[in-house]
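Residue numbers (my numbering): 8 to 200.
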């Protein structure tokens, strides 16, 4: 797949794009800021995120993106030319029996970029890309149950969620929200997405 550049029509200052090595310091700042990572079980050890490790991650992201069927799409969230977040689909799975593909979407923003509509818009752009460009069969958004701000965002966007008990969740009690292409199309048609 080619490099990604998703521009928002609602927020002209917002762009989701493929990360470059020049973004490594900003990405490191995002991953090492406890205010960003407190509710993320995957990014829970900020000390391990050296600039070198971030550069290696960005190179892996780019390599995955070049595949015909990527295993993940990680992008940076840019506001007014500055990297203010990470988004995309950290994992895209293919069902071995049916061949159906599911992407797990998410967004992590610096505090300065929160509560301005950028998180919802990043999720909207990512979901559009998942269904319109990648032709995925389903998009999910999974988060810790205690990540109420993200869960509330997903509910407001019209996603259906279910609470997964701690003994069944990968990281304890989690919310899993799902969106199917036909549901997304209906939300867009109604002007809600």
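Beta carbons: idealized from backbone N, C-alpha and C, even for Gly.
Everything numeric in this text was worked out from a predicted model, so none of it was measured.
- Please say whether residue 93 and residue 37 have beta carbons closer to each other than 8 Å? In this structure, residue 93 lies closer than 8 Å to residue 37 by Cβ.
- Item | Which of helix, strand or coil DSSP assigns to residue 63 | In the structure shown, residue 63 sits in a helix (DSSP, three-state: H, G or I).
- Item | For residue 111, the residue or residues it bridges with in DSSP | When beta bridges are read from the DSSP output, residue 111 appears opposite 98 and 147.
- Between residue 146 and residue 190, what straight-line distance do the alpha-carbon atoms span, to the nearest angstrom? Those two C-alpha atoms are separated by around 11 Å.
- Task: Compare the Cα-Cα distances from residue 18 to each of 120, 78 and 59 and report the closest residue.
- Result: Nearest of 120, 78 and 59 to residue 18, Cα basis: 120.
- If we count Cβ pairs, one from each stretch, closer than 8 Å, do we get three or more for the stretch 117-136 versus the stretch 12-26? With three or more CB-CB distances shorter than 8 Å, the stretch 117-136 counts as touching the stretch 12-26.
- Can you tell me where the alpha helix (DSSP H) with residue 167 in it begins and where it stops? Segment 167-171 is the beta strand (DSSP E) holding residue 167; no alpha helix (DSSP H) there.
- Message: Given a cut-off of 8 Å on the beta-carbon distance, is the pair residue 165 and residue 196 in contact?
- Response: No, they are not a contact pair.
- Coil, strand or helix - residue 24 by DSSP: Residue 24: strand per DSSP, three-state reduction.
- List the whole-angstrom C-beta distance separating residue 181 from residue 152, where the pair is believed to meet the contact cut-off of C-beta under 8 Å. Cβ atoms of residue 181 and residue 152 come within 8 Å of each other, at about 6 Å.
- Message: Looking at the secondary structure, which residues open and close the alpha helix (DSSP H) in which residue 11 lies?
- Response: For residue 11, no alpha helix (DSSP H) segment is defined, and its DSSP state is neither H nor E.
- Message: Quick check: residue 90 and residue 34, are their CB atoms within less than 8 Å of each other?
- Response: A contact, by the Cβ cut-off of 8 Å.
- residue 171 versus residue 183: straight-line alpha-carbon distance, rounded: One C-alpha to the other measures close to 7 Å.
- Item | Whole-angstrom C-beta distance between residue 42 and residue 118, which should lie under 8 Å | About 5 Å separates the Cβ atoms of residue 118 and residue 42, confirming a contact at the 8 Å cut-off.
- Item | Three-state secondary structure assigned by DSSP to residue 181 | If DSSP states are grouped into helix, strand and coil, residue 181 belongs with the strands.
- Can you tell me which of the three DSSP states residue 81 falls into? In the structure shown, the three-state DSSP call for residue 81 is strand.
- Message: By the DSSP assignment, the alpha helix (DSSP H) with residue 152 in it spans what residues?
- Response: Element bounds for residue 152: n/a, residue is neither H nor E.
- Query: For residue 137, which of helix, strand or coil comes out of DSSP?
  - Reply: It is helical.
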